[in-house]
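Below: the structure, in structure tokens.
There are 2 protein chains.
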Amino acid sequence: MKRITLVITAFCALLLPLLPMAQEKKDDLLKEARELFEPIGKPPGKITDNDITPAKIELGKMLYFDPRLSSSGLISCNTCHNLGLGGDDGLPVAIGHDWKKGPRNSPTVFNSVFNAAQFWDGRAADLKEQAKGPIQAGVEMNSTPELVVATLKSIPGYKTPFEQAFGKGDTITFDNVARAIEAFEVTLITPDAPFDRYLKGDEKALTDQQKRGLKTFIDQNCASCHSGVNLGGQSYFPFGLVTKPEAKLLPTEDKGRFAVTNTAGDDYVFRAAPLRNVAITAPYFHSGQIRDLRDAVTVMATTQLGAKMNDKDIDDVAAFLNSLTGKKPVVSYPDLPPSTTKTPVPVQ
Amino acid sequence: MKRITLVITAFCALLLPLLPMAQEKKDDLLKEARELFEPIGKPPGKITDNDITPAKIELGKMLYFDPRLSSSGLISCNTCHNLGLGGDDGLPVAIGHDWKKGPRNSPTVFNSVFNAAQFWDGRAADLKEQAKGPIQAGVEMNSTPELVVATLKSIPGYKTPFEQAFGKGDTITFDNVARAIEAFEVTLITPDAPFDRYLKGDEKALTDQQKRGLKTFIDQNCASCHSGVNLGGQSYFPFGLVTKPEAKLLPTEDKGRFAVTNTAGDDYVFRAAPLRNVAITAPYFHSGQIRDLRDAVTVMATTQLGAKMNDKDIDDVAAFLNSLTGKKPVVSYPDLPPSTTKTPVPVQ
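Listed in order, the protein sequences are those of chains S and P.
Taking the working numbering, I'd label the letters of the first sequence as residues 505 to 852.
Taking the working numbering, I'd label the letters of the second sequence as residues 505 to 852.
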């Protein structure tokens, strides 16, 4: 027995010098990660000229869930950016008014406040500007600023919430609708993902596989485009930087950011997708044709990086991406004030 | 001064004998009302063979809001029975899969547990049976029991909620989906309307006009069909008992309960609509063509009662009907578990 103890002690003694190395290796990865990524902190209290007040958030929540912002009275922001799901609709492309299909996959609303600009092509500078888009798009909510304002003014129960958010007077305006929705959306963040806990120093928050995936993610330069608090959403890159994706992933008619800037170099350029909650926001890419996160990683490796990743690498990166799923905010369903006989008749 | 006091005293003395009469008149109305109507109490703890447990309610809430119960992945129970609005969609008739219009106005889900049977024609005995209808209707959610079960089984996050609600084993069944939805819907009651407070003895809960309206409602026999806790929802009557309604209100192709019983006398027979929250559930009737509550009262007076009501009577009854708006339950939006690559592809 004594002998066994001695052997074990000797064995442990042999291992001892290795421990600092292992520790250092771990620390290196965390250090590297901290240089590239940020945990989700508090949402901003102000967006450009929009103070994010409790009254504005509450009104914004009502508007976000109110289908009467659409001309049919059936489609709300939440229809395509469903807070019960991943802040999106889980469909390849959005379905809107008259069952028309939109041109692109609905991005998640969660953490969108941390993106540099909104939409796949970054054509809206902020959430306020973004909110005005789908309300007016014929294939989405199919309304107009005039119809939205007329509808809200016809509903007496909206008077006080608008006054509380924007003061007395003629405050029921399309701009204020967008401001309130922005205020609510600023609260839609999902902190406390395993990766956030890791970045904050809890090294056990990631599994070994997830750490290997993180290492591969960094070493293979995924983080060149997918960095920061949202692991993306900050800058624009051609989809097919190295190798052109197959046609179903990159339909020729959608030239991406070219439609915004009208600059030849912006052909098929899109905003690098923010990767927070990516594991719960399939299908992937602007075309929404890939359902498996592993396949999405493979496509990115090929088209953007020209990187050879074996199955294990891909599994590891997918495992790491699963660590980006955060905690959704608890949202109580709003009590929407009733329409009146003055409310414009829904368009069916 | 003394003289004035004397005069007032004498005047009051003259009035004194009248007081019991006024009191009695008030009491009479309340007494009469209590014989016809009931305040909303607690919801039942059991519906036929379905125990209403917290786990079942929680699962039912998830399913109620989950658009993946539809084949498109876009339409949930809440789409047409919106808990933010009046538990309905505020549209003349439902819009469902492929933007198809349904044949009838979506009834409110609130307090539906108190109806004797479900749907405008009472073709579902209970909420459990009702829930199965729209999920399968081609013009609504357009799914099948098999697709619903395959979808839910493909989502690992539904395993535990089903086990907690129905025990271990093969409990993800279409029957259990309906049971859980029923359990949640049982909680969707709106107590504490002014009329409830009145029935419980608070005579100030109704305005004088609302009391006049209540009196007219009783005297004109509205309460013959619209009585009980839900002021309706208990029995069946031809729409056009006295005078046939105009064609837009009673489209000839929809023969109502005839399609259920196949009995000649059931031509154009419908369940008397429950009137709780009627002020916030326009448009009215199974055809959904009347938006103004006053107009709805006028139509009823003419078609069902052959009653002559002047404008004041109609205003009074409408005012009374406004006292039936209760307090909606506070519902936190559920966190729905994510789909997987095994989840059936949505049908677009």
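A virtual CB, placed ideally from N, CA and C, is assigned to each residue, including glycine.
Under the Cβ distance rule, A777/P does not count among the residues neighbouring chain S, no pair being separated by less than 8 Å.
Contact check for N734/P against A783/P fails: the beta carbons are separated by 8 Å or more. CA-to-CA, the gap between F541/P and A709/P works out to about 16 Å. By a beta-carbon distance limit of 8 Å, T612/S does not contact G594/S. Their separation comes to about 10 Å. For the stretch 819-838 of chain S, the set of positions with a beta-carbon nearer than 7 Å to some beta-carbon of chain P reads K832, V834, V835, S836, Y837, P838 in chain order. Taking 8 Å as the cut-off between beta carbons, the residues of the stretch 779-800 of chain S near chain P are A783, I784, A786, R795, D796, in sequence order.
Secondary structure note for Y740/P: its beta strand (DSSP E) is the uninterrupted segment 740-742. In terms of CA proximity to S616/P, G737/P leads the group G810/P, P596/P, T756/P, G737/P. Contact between the stretch 573-584 of chain P and the stretch 558-570 of chain S is absent, with fewer than three C-beta pairs closer than 8 Å. V773/S counts as buried, since at least 16 other C-beta atoms from the protein chains shown sit within 10 angstroms of its C-beta.
For L533/S against L718/S, the beta-carbon gap comes to about 7 Å, under 8 Å, which counts as contact.
Neighbours of N609/S in chain P, taken as residues whose beta carbon is under 7 Å from its own, are absent, since the nearest beta carbon is some 13 Å off.
Look at T845/S: its C-beta is under 8 Å from a C-beta on chain P. DSSP places F688/S outside any beta strand (DSSP E); the residue lies instead in the alpha helix (DSSP H), whose first and last residues are 678-690. In the DSSP assignment, V773/P falls within the beta strand (DSSP E) that extends over 773-775.
Listed along the chain, the chain S residues whose CB falls inside 7 Å of the CB of F569/P are G588.
Nearest neighbour of Q640/P by Cα position, chosen from V653/P, G545/P, E562/P, turns out to be V653/P.
Distance from R683/P to K632/P at the Cβ level is roughly 6 Å; contact confirmed, criterion being Cβ atoms closer than 8 Å. D817/S and D570/P have their C-alpha atoms some 34 Å from each other. Burial check for A727/S: the Cβ neighbour count within 10 Å reaches 16 or more, so the residue is buried.
8 Å or more divides the Cβ of K604/S from the Cβ of P695/S. In this structure the stretch 698-708 of chain P does not touch the stretch 782-796 of chain P; the number of beta carbon pairs closer than 8 Å is below three. Between Q714/S and chain P, the shortest Cβ-Cβ separation is not below 8 Å. Under a criterion of Cβ atoms nearer than 8 Å, no residue of chain S is adjacent to I685/P; the nearest Cβ is some 15 Å distant.
Closer than 8 Å to the CB of P695/S there is not a single CB belonging to chain P.
The secondary-structure analysis by DSSP pairs Y788/P across a beta bridge with I794/P.
Here the stretch 656-670 of chain P lies against the stretch 842-850 of chain P, with 3 or more beta-carbon pairs under 8 Å apart. Look at the stretch 543-554 of chain P: it has no residue with a C-beta under 9 Å from a C-beta of chain S. Taking the Cβ atoms as the reference, E667/P lies roughly 24 Å from D630/P, outside the contact range of under 8 Å. At least 8 Å separates the CB of L753/P from every CB of chain S. Spatial neighbours of M813/S in its own chain (CB-CB distance under 6 Å, excluding positions within 5 residues in sequence) are listed in chain order as A805. The alpha helix (DSSP H) runs lying completely inside the stretch 569-611 of chain P and spanning 4 residues or more are 581-584, given in chain order. Between the beta-carbon of T720/P and that of V821/P there is about 5 Å, and that keeps the pair under the 8 Å contact cut. Spatial neighbours of P850/S in its own chain (CB-CB distance under 6 Å, excluding positions within 5 residues in sequence) are listed in chain order as S576, G577. Taking the CA atoms as reference points, N619/P sits about 42 Å from N609/S.
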